[in-house]
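First the structure, in the form of structure tokens, and then the observations on it.
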């Protein structure tokens with residue numbers, strides 16, 4: 030718990046063996062892939078890259094564009 034912190038995510042998965050395994054991932058990891066193939070900017074490497082993105086940081090809930 031100390032390594033993950035209060036905002037971290039802990040995932041427990043079922044295993045067929047008796048071994049105990051831990052994996053710590055820095056940053057964000059998406060397991061399911063892209064919602065749309067249009068998000069992919071590099072087809073060869075299957076990556077999305079955005080140059081000069083705008084980033085919104087807020088402590089309020091944004092439910093609709095009109096909330097902005």
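Residue numbers (our numbering): 30 to 97. Glycine included, C-beta positions come from ideal geometry on N, C-alpha and C.
Look up residue i in the DSSP assignment and say whether it is helix, strand or coil.
i, result
"residue 96", "helix"
"residue 82", "coil"
Output needed for residue i: all residues of its chain with C-beta closer than 8 Å, excluding positions within five of it in sequence on either side, in chain order.
i, result
"residue 80", "none"
Give me whichever residues DSSP pairs with residue i in a beta bridge.
i, result
"residue 76", "71"
Taking 7 Å as the limit between beta carbons, can you name the residues of its chain near residue i, skipping five residues before and five after?
i, result
"residue 91", "97"
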